[in-house]
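This report refers to the structure that appears directly beneath it.
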Ligand SMILES: [Zn+2]
C-alpha cells in the first residue's frame, strides 16, 4: 500500500505510520503529500491541493488525514446518515472536502481516485498515545465532560502526561509518540474501542484493501463514510491500564496521572 499522511506534526506522522501499518497488517510506502499543514483549519484548506497532487502526480492509493478535535463537536454514528453533515464536526467537514474535491476528477494512474482515511483525535492525538496506559482517557470520557461542561482533562494536561512537558522538542515528541504507537502495533482493538474516531480511520483503511484489484470489491465503494450500523469493535481482552507482559507494552514505565 502506498499512501501519504497529513497531520499536525512530523512526530505524529511517524507514529501514525506505525498505527496505519498495524491496521493494514503490513508495511506501507509513504508518498510526500506535497504540502504541510499547521493545525485546524489549515488542514482542511490544503487538503484539496494535496488530493489533486496525489491523484494526478502519484500512484498513491490514498491520503491518511488525522487532526485534533480540540473543542469541536465529536463525530457520532448519528452524523453518518445519508446527506447529513454537522457543520461543527471536523470528520464531517473533511469527508465533505474529500467528496467535493474528488467528484469531478477523471481516473488517473489506473485507478478511479486516490482514497481517503480520516481520523479525528478526541480531543488531541496525545489521548490516543495514552490509550491503554491511562484509564481516565477515552473519547467517551471527553464527550461526557463536554455534556457536563466540565472537561475531564485539558489538552495541555494530556501533553504533560505523554511528554512530561507541555513544550517537548521535536526529537522528544517523536520518540514518545513512537513509543506509545508501538504498543499497539500488534493489536489496535483497545484503541478502536476507546476511540471510535480512530476506529473510523481504521475502517477507511480496511476499505482500501477491499478496493484493491482482485479483492472483488469495487474501488468506488472505498473511501465513503461507513453506514451508521457499522459494527463496534469488541473490547480486547487486555484491561485498560493493566501491565500486560506483552511485547506490545514493552518495558516502558507507567505514566503518572
Ligand atoms: Zn460528524
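In the working numbering, the protein residues as written are 1386 to 1642.
No residue lacks a Cβ here, since even glycine has one placed at the ideal position from N, Cα and C.
- At a cut-off of 8 angstroms, the beta-carbon of residue 1477 counts as near ligand 1: some heavy atom of the ligand is closer than that.
- For residue 1474, the beta-bridge partners assigned by DSSP are 1458.
- With fewer than 16 other CB atoms across the displayed protein chains lying within 10 angstroms of its CB, residue 1488 is exposed.
- Within the chosen limit of 8 angstroms, ligand 1 reaches the beta carbon of residue 1461 through at least one heavy atom.
- Note on the segment 1416-1449: whole alpha helix (DSSP H) runs with a minimum of 4 residues are 1427-1442, in chain order.
- Relative to the non-hydrogen atoms of ligand 1, the Cβ of residue 1494 never comes closer than 8 angstroms to any of them.
- Nearest C-alpha to residue 1444 among 1496, 1477, 1461: 1496.
- Collapsing the DSSP output to three states places residue 1591 in a helix.
- A Cβ-Cβ separation of about 5 angstroms places residue 1590 in contact with residue 1408 under the 8 angstroms criterion.
- For the 9 angstroms CB-CB criterion, residue 1395 and residue 1559 form a contact.
- Distance from the CA atom of residue 1455 to the CA atom of residue 1418, rounded to whole angstroms, is 24 angstroms.
- Just so you know, the alpha carbons of residue 1499 and residue 1549 end up roughly 38 angstroms apart.
- Counting the other CB atoms within 10 Å of its CB gives residue 1483 a total of 16 or more, which places it among the buried residues.
- Less than 9 angstroms divides the Cβ of residue 1388 from the Cβ of residue 1446.
- Here residue 1466 is exposed. Its C-beta has fewer than 16 other C-beta atoms within 10 Å.
- DSSP places residue 1517 in the coil class of the three-state scheme, outside both helix and strand.
- Taken through DSSP and simplified to helix, strand or coil, residue 1504 comes out as strand.
- Per DSSP, residue 1389 lies in no alpha helix (DSSP H); the unbroken beta strand (DSSP E) holding it starts and ends at 1387-1391.
- A Cβ-Cβ contact shorter than 9 angstroms links residue 1392 with residue 1422.
- Between the segment 1534-1546 and the segment 1499-1512, the count of C-beta pairs closer than 8 angstroms reaches three or more; the two stretches touch.
- Here residue 1401 is not near residue 1459, since their CB atoms are 9 angstroms or more apart.
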